[in-house]
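*Asks:*
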Amino acid sequence: MSLFGNKKIRIVLTGGGTGGHIFPLLAVAEEMIQKSDGKNLELELTYVGPTTGPFSFDERAFEEKGIRVISISSESPSNNDNPITKLMSLVRVAIGLIQSLWHLWLIMPDTVFSKGGYGAAPVLFVSAAYRIPLLVHESDATPGRLNELAKNMASKIAISFEKTIEFFPFEKTAFTGNPVRKTFFKEKDKDVALKFFNLESSKKTIFVYGGSQGAKKINDLVLAILPRAITELQIIHQCGTKNYPEISRESEFLLRGHAKEERAKYRLFGFMNEEEISQAYAACDLIISRAGSGSIFEIAATGKPSILIPLPTAARDHQRDNAYAFSKNGAAIIYEENNLKPHFFYDGLNGLLNNQDKLLQMSQMAKEFAKPKAAETIAKQLLVLSGMKTDN
183 MSLFGNKKIR IVLTGGGTGG HIFPLLAVAE EMIQKSDGKN LELELTYVGP
233 TTGPFSFDER AFEEKGIRVI SISSESPSNN DNPITKLMSL VRVAIGLIQS
283 LWHLWLIMPD TVFSKGGYGA APVLFVSAAY RIPLLVHESD ATPGRLNELA
333 KNMASKIAIS FEKTIEFFPF EKTAFTGNPV RKTFFKEKDK DVALKFFNLE
383 SSKKTIFVYG GSQGAKKIND LVLAILPRAI TELQIIHQCG TKNYPEISRE
433 SEFLLRGHAK EERAKYRLFG FMNEEEISQA YAACDLIISR AGSGSIFEIA
483 ATGKPSILIP LPTAARDHQR DNAYAFSKNG AAIIYEENNL KPHFFYDGLN
533 GLLNNQDKLL QMSQMAKEFA KPKAAETIAK QLLVLSGMKT DN
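The sequence shown begins at 183 in the numbering used here and counts up by one.
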């Protein structure tokens with residue numbers, strides 16, 4: 183109990199550190215904050231996980247919602263055969279375990295919510311050692327190794343794709359979908375969104391989204407079709423912060439002979455914040471994206487047609503599984519990266535954009551795939567595991 187007589191609930195959030203792990207955590211946190219409001223309940227949320235290196239993200243996204251951030255060391259498995267590199271990886275994981283032992287002892291949360299990813303490993307194992315109730319969410323159609331390992335430690339498991347149930351104990355697994363922030367379910371005015379990017383309503387607009395870190399192969403594809411595409415289309419392109427300087431230079435060179443008005447129809451971003459992404463979804467007629475679960479469920483929430491290009495090197499080929507699970511009802515078209523030829527891709531893209539009936543059908547199928555209650559369902563389960571009685 184707090185000093186004011188309110189019940190205090192402490193929940194720790196953890197995840198691999200990329201946008202695909204962080205954004206769903208934020209969506210669930212928003213719902214928990216809303217559900218605990220006015221309940222004589224003091225809710226203390228803390229993110230414990232990696233925040234630097236390959237797991238880096240903007241911590242302000244948590245801090246703006248009153249969520250404390252505690253950074254720990256972690257490491258993805260290395261394929262490098264160098265013994266020193268392998269040793270350093272083990273050292274970083276060991277440090278993360280020690281940090282997690284300390285921080286979780288001080289917090290002693292009522293529940294831990296893990297979104298998976300190797301960045302979550304230290305917190306996940308320590309929560310099991312302390313016998314803290316654990317809810318694990320699996321984003322992908324084919325689960326990551328850590329979440330599959332965690333299935334016996336978890337009190338409850340939530341999955342995004344129905345087919346994933348075969349990997350987990352049926353009695354404690356729920357098919358919820360992937361949590362998506364509320365802003366993506368709010369219908370936005372397309373003309374207002376186009377003005378946000380200084381674009382026109384008279385031309386078709388595509389949104390090229392490579393995920394929170396960008397996608398080199400998709401960036402290269404955009405550059406290959408850019409001189410031709412910009413004469414007919416408007417392009418909003420999120421290329422990844424690290425890729426931005428190179429893509430900016432190359433696109434300027436490729437468009438040097440085009441009129442200023444045409445060059446202005448290419449809107450390049452390194453990283454896009456929540457408002458920019460939601461406006462880009464609203465402004466576009468079609469999305470070109472990788473097939474991470476976060477991207478797929480955001481696309482479904484906005485009801486936009488999409489072309490998905492799965493990352494062929496994704497762990498356990500989960501992006502291909504995600505893409506085919508999403509596209510089987512006609513919500514998306516899949517292009518395999520190894521078969522991408524810029525000329526043929528652009529012809530297919532243009533043909534699709536000029537087929538309004540097909541776009542409308544894809545949009546409807548995407549909306550049917552969406553799971554608008556995912557974040558709410560998981561938030562409610564976390565609060566129940568933490569000892570709160572919920573009536574809605």
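Ideal placement from N, C-alpha and C gives every residue a C-beta, glycine not left out.
For the candidate residues Ala548, Glu257, Arg410, whose alpha-carbon lies nearest to that of Gly299?
*Replies:* The shortest Cα separation from Gly299 among Ala548, Glu257, Arg410 belongs to Glu257.
*Asks:* Could you say if the stretch 426-438 and the stretch 454-464 meet the contact criterion of at least three C-beta pairs nearer than 8 angstroms?
*Replies:* In short, these stretches do not touch, since the Cβ pair count stays below three.
*Asks:* I need the straight-line Cα distance from Phe186 to Lys268, nearest angstrom please.
*Replies:* Any reading at Phe186 needs caution, since the residue's pLDDT is 48, under 50, leaving its predicted position unreliable; the model's value is listed next. Approximately 50 angstroms between the Cα atoms of the pair.
*Asks:* Assign Val566 to one of three DSSP states: helix, strand, or coil.
*Replies:* Note: Val566 maps to helix in three-state DSSP.
*Asks:* Out of Ile412, Ile339, Thr358, Leu405, which one is the CA nearest neighbour of Phe352?
*Replies:* Checking every option, the nearest Cα to that of Phe352 belongs to Ile339.
*Asks:* So the alpha helix (DSSP H) Gly476 belongs to, where does it begin and stop?
*Replies:* Segment 475-484, the alpha helix (DSSP H) holding Gly476.
*Asks:* For Lys553, tell me which candidate among Glu519, Gln538, Phe508, Met570 has the shortest Cα-Cα distance.
*Replies:* Cα-wise, what sits closest to Lys553 is Phe508.
*Asks:* Let me make sure I understand the geometry here. Which of Ala497, Phe551, His500 has the alpha-carbon closest to that of Ala514?
*Replies:* Among Ala497, Phe551, His500, the Cα nearest to that of Ala514 belongs to Phe551.
*Asks:* Leaving out five residues before and five after Met183 in sequence, what residues of the same chain have Cβ atoms less than 8 angstroms from its Cβ?
*Replies:* At Met183, the pLDDT of 49 sits below 50, so the modelled position is not reliable; the number obtained from the coordinates is stated separately. Excluding positions up to five away in sequence, the list reads Lys189, Lys190.
*Asks:* Contact check, Ser296 vs Val308 under 8 angstroms by CB: the rounded distance?
*Replies:* Actually they do not touch by this definition, with Cβ atoms about 11 angstroms apart.
*Asks:* Would DSSP call Lys571 helix, strand or coil?
*Replies:* The answer is coil: DSSP assigns Lys571 none of H, G, I, E or B.
*Asks:* Grouping DSSP H, G and I as helix and E and B as strand, with all else coil, what is Ala313?
*Replies:* One detail in the question is off: residue 313 reads as Arg in this sequence, not Ala. Of the three classes helix, strand and coil, the one that applies to Arg313 here is coil, per DSSP.
*Asks:* Residue range of the alpha helix (DSSP H) that Ala507 falls in?
*Replies:* Its alpha helix (DSSP H) spans residues 500-509.
*Asks:* In the DSSP assignment, what residue or residues form a beta bridge with Tyr448?
*Replies:* Partner(s): Ile417.
*Asks:* Under 8 angstroms between the Cβ atoms of Ile469 and Ile481?
*Replies:* Yes.
*Asks:* Could you tell me which whole beta strand (DSSP E) segments of length 3 or greater appear in the stretch 202-261?
*Replies:* Listed in chain order, they are 223-231, 250-253.
*Asks:* Taking only the alpha-carbon atoms, compute the straight-line gap between Val194 and Glu241 and give it to the nearest angstrom.
*Replies:* Computed Cα separation, rounded: 15 angstroms.
*Asks:* Measure the C-alpha to C-alpha separation of Leu534 and Leu541 and round it to an integer number of angstroms.
*Replies:* For Leu534 and Leu541, the distance between alpha carbons rounds to 7 angstroms.
*Asks:* For Gly512, which residues from the same chain have a beta carbon less than 8 angstroms from its beta carbon, with the 5 sequence-adjacent residues on both sides left out?
*Replies:* Correct list, in chain order: Gln543, Met544, Met547.
*Asks:* So, using beta-carbon positions, are Pro206 and His319 closer together than 8 angstroms?
*Replies:* Their beta carbons are under 8 angstroms apart, which means Pro206 touches His319 by this criterion.
*Asks:* Assess contact between the stretch 409-429 and the stretch 377-396, defined as three or more Cβ pairs (one per stretch) separated by less than 8 angstroms. Is contact present?
*Replies:* Because the criterion of three Cβ pairs below 8 angstroms is met, the stretch 409-429 and the stretch 377-396 touch.
*Asks:* Note down, one range per segment and in chain order, each alpha helix (DSSP H) of at least 4 residues found wholly within the stretch 336-397.
*Replies:* If we require 4 residues or more, the alpha helix (DSSP H) runs fully inside the stretch 336-397 come out as 372-378.
*Asks:* Which residues does DSSP list as the beta-bridge partners of Phe295?
*Replies:* Partner(s): Leu195, Leu317.
*Asks:* My guess is that Gly485 and Asn360 are in contact by the Cβ rule of under 8 angstroms, so how many angstroms apart are they, rounded?
*Replies:* So it is not a contact: roughly 16 angstroms between Cβ atoms.
*Asks:* For Pro494, which of Thr346, Phe349, Asn536, Ile400 has the nearest alpha-carbon?
*Replies:* Among Thr346, Phe349, Asn536, Ile400, the Cα nearest to that of Pro494 is on Ile400.
*Asks:* Let's test the definition: count the other Cβ atoms within 10 Å of the Cβ of Lys555 and tell me whether it reaches 16, buried, or not, exposed.
*Replies:* Exposed is the call here.
*Asks:* Go to Ala496, then tell me how far its beta strand (DSSP E) extends in each direction, as first and last residue.
*Replies:* That residue, Ala496, is in no beta strand (DSSP E); it is neither H nor E in DSSP.
*Asks:* What does DSSP give as the partner residue(s) for Ile515 in the beta ladder?
*Replies:* Ile489.
*Asks:* Going by the DSSP bridge assignment, what does Tyr189 pair with across the sheet?
*Replies:* Position check: residue 189 holds Lys in this sequence, whereas Tyr was assumed. Lys189 pairs with Leu223.
*Asks:* Would you check if the stretch 362-371 and the stretch 439-451 touch, i.e. whether three or more CB-CB distances between them fall below 8 angstroms?
*Replies:* At 8 angstroms Cβ cutoff, the stretches do not touch.
*Asks:* Consult DSSP for Leu468 and reduce its assignment to one of helix, strand or coil.
*Replies:* Looking at Leu468 - three-state DSSP - the assignment turns out to be strand.
*Asks:* For Pro325, I'd like the list of residues in its chain whose CB is within less than 7 angstroms of its CB, leaving aside the five on either flank, ordered along the chain.
*Replies:* If we look at Pro325 and ignore the five residues flanking it on each side, its Cβ neighbours are Thr346, Phe349.
*Asks:* Going by beta carbon distance, what residues of the same chain come within less than 6 angstroms of Ser218, once the five residues before and after it are set aside?
*Replies:* Same-chain partners within the cutoff: Leu225.
*Asks:* Measure the CB-CB distance between Ala557 and Glu213 and report whether it falls below 8 angstroms.
*Replies:* Cβ distance < 8 angstroms, so Ala557 and Glu213 count as in contact.
*Asks:* Mark Gln563 as exposed unless 16 or more other C-beta atoms lie within 10 angstroms of its C-beta, in which case mark it buried.
*Replies:* The residue is buried, with at least 16 neighbouring Cβ atoms inside 10 Å.
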